[in-house]
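The structure appears right after this line, and notes come after that.
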């Protein structure tokens, strides 16, 4: 989940403080839980629900696994909508219809894309379809092979963004905002948001790591692997902050948006680069597949407990994917034809 959530997950005002607060929260709160989930998965060699039945038979601990799987399904229902947005922007960028104007024009474009029913439904459907195709191939053949190509390429592109962002006018103001936190502005709500981000970025609490723990080699050091994941999460947070905050202050963008980070701020940076449209298209492609690397972990977690009942790996992901697609429809339309209705998921998507 590391790459596919941070740039669209936090309001910038919270993100400015999160780099410093995230580190102790990761290592003091989330890391021990991550280690525990890995241990449960590897010890049981089972899916998230069966794992607790194997390790604690005759108890109600399996309810924890059921809640985790249910949570993974709901998160993927929200996440699929964001994946559809990315795909919609990618199509617009390739067709040359992405705006190159100021923040107001880019924000309006974002609103139009998210309110477009065709983009919302078709984009989400294609995103989930790709998830299903990858999960049917298994963890090693589908998931690991895809991630090994996508994530290094996205790292390289982020380095290019950081270099360009740091050379913009007033970039130092953005660095000061990001690297000199104002602890007086960190309240209980900010801590909860940051803690939620820490749980989400490491996929803790929704049984993902229990599922992947069941695939871990017996020789793998669980504390070492867990610490590596946490450290990588911090590095990614630093990379994203260095790419975004100098640009925010250079372009005079109001730092109060969540998904707009990806769809408003980053296009502004690419507009300042030679061959900016080309690089923006490449970035969207990589980021789309990075989002896939996050989402197919959720689909694997949601599908694994039902493999035997739903026809094995070749059929079960199709059934679960179709069910999740039905769940995404109200969320996908809540920015368009259902915008006049207030839904709890509307705010939850922005919490991504």
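Numbering (my numbering), first residue to last: 81 to 432.
All C-beta atoms in this analysis are idealised placements derived from N, C-alpha and C, irrespective of residue type, glycine included.
Since the structure is predicted, the reported quantities are computational estimates derived from the model, not experimental observations.
| Buried versus exposed call for residue 457 [16 or more other C-beta atoms within 10 Å across all chains shown] | Only positions 81 to 432 of the chain appear in this structure, which leaves residue 457 out of reach.
| field | Where residue 346 falls, given that 16 or more other Cβ within 10 Å makes a residue buried | value | As a position in the chain shown, residue 346 is number 266, starting the count at 1. By the 10 Å Cβ count, residue 346 comes out buried.
| said: Suppose you measure from the CA of residue 225 to the CA of residue 403; what does that come to, to the nearest Å? | reply: On the chain shown, position 145 is the one that residue 225 refers to. On the chain shown, position 323 is the one that residue 403 refers to. Near 26 angstroms, if we compare the C-alpha coordinates of residue 403 and residue 225.
| query | Excluding the five sequence neighbours on either side, which residues of its own chain have a C-beta within less than 7 angstroms of the C-beta of residue 234, listed in chain order? | reply | Within the chain shown, the letter at position 154 stands for residue 234. Excluding positions up to five away in sequence, the list reads 83, 366, 367 and 370.
| query | What are the complete alpha helix (DSSP H) segments, minimum 4 residues, inside the region 116-172? | reply | 128-135
| Excluding sequence positions up to five away, which residues of its chain have a Cβ less than 8 angstroms from the Cβ of residue 361? | In the chain shown, counting from the first residue as 1, residue 361 sits at position 281. Closer than 8 angstroms at the Cβ level, and outside the excluded window around residue 361, lie 170, 173 and 174.
| request: Evaluate residue 344 with the Cβ neighbour count: other Cβ atoms within 10 Å of its Cβ, from every protein chain shown; 16 or more gives buried, anything less gives exposed. | output: Position 264 of the chain shown, counted from the first residue, corresponds to residue 344. That one is buried.
| query | Given residue 246, which residues of its chain have a CB within under 8 angstroms of its CB, disregarding the five upstream and five downstream residues? | reply | Taking the first residue of the chain shown as 1, we reach residue 246 at position 166. Closer than 8 angstroms at the Cβ level, and outside the excluded window around residue 246, lie 255, 322 and 326.
| query | Any idea what DSSP makes of residue 249, helix, strand or coil? | reply | Walking along the chain shown from the start, residue 249 turns up at place 169. Here residue 249 sits in coil by DSSP.
| said: Looking only at its chain, what residues have a beta carbon closer than 7 angstroms to the beta carbon of residue 394, apart from the 5 residues adjacent to it on each side? | reply: On the chain shown, position 314 is the one that residue 394 refers to. 216, listed in sequence order.
| Can you tell me whether residue 35 is buried or exposed, with buried defined as 16 or more other CB within 10 angstroms of its CB? | Residue 35 is absent from the model: the chain starts at 81 and stops at 432.
| What did DSSP end up calling residue 185 once you bin it into helix, strand or coil? | Locating residue 185 in the chain shown gives position 105, where the first residue counts as 1. Residue state, collapsed to three classes: helix.
| When we look at the beta-carbon of residue 158 and count the other beta-carbons within 10 Å, is it buried (16 or more) or exposed? | One-based indexing of the chain shown puts residue 158 at position 78. Its Cβ being crowded by 16 or more others within 10 Å, residue 158 is buried.
| query | Since residue 269 is in the alpha helix (DSSP H), which residue starts that stretch and which ends it? | reply | Here residue 269 refers to the residue found at position 189 of the chain shown. First-last of the alpha helix (DSSP H) with residue 269: 268-281.
| task | Could you check what DSSP says for residue 288 in three-state terms: helix, strand or coil? | result | In the chain shown, the residue the question calls residue 288 occupies position 208. Note: residue 288 maps to helix in three-state DSSP.
| Would you report the Cα separation of residue 410 and residue 204, rounded to the nearest angstrom? | Locating residue 410 in the chain shown gives position 330, counting from the first residue. Locating residue 204 in the chain shown gives position 124, counting from the first residue. For residue 410 and residue 204, the distance between alpha carbons rounds to 12 angstroms.
| Which residues mark the beginning and the end of the alpha helix (DSSP H) in which residue 326 is found? | Taking the chain shown and counting its residues from 1, the one referred to as residue 326 is at position 246. Where residue 326 is concerned, the enclosing alpha helix (DSSP H) stretches over 302-330.
| Is it true that the CB of residue 115 sits closer than 8 angstroms to the CB of residue 290? | Position 210 of the chain shown holds residue 290. Position 35 of the chain shown holds residue 115. For residue 290 and residue 115, no; Cβs fall outside 8 angstroms.
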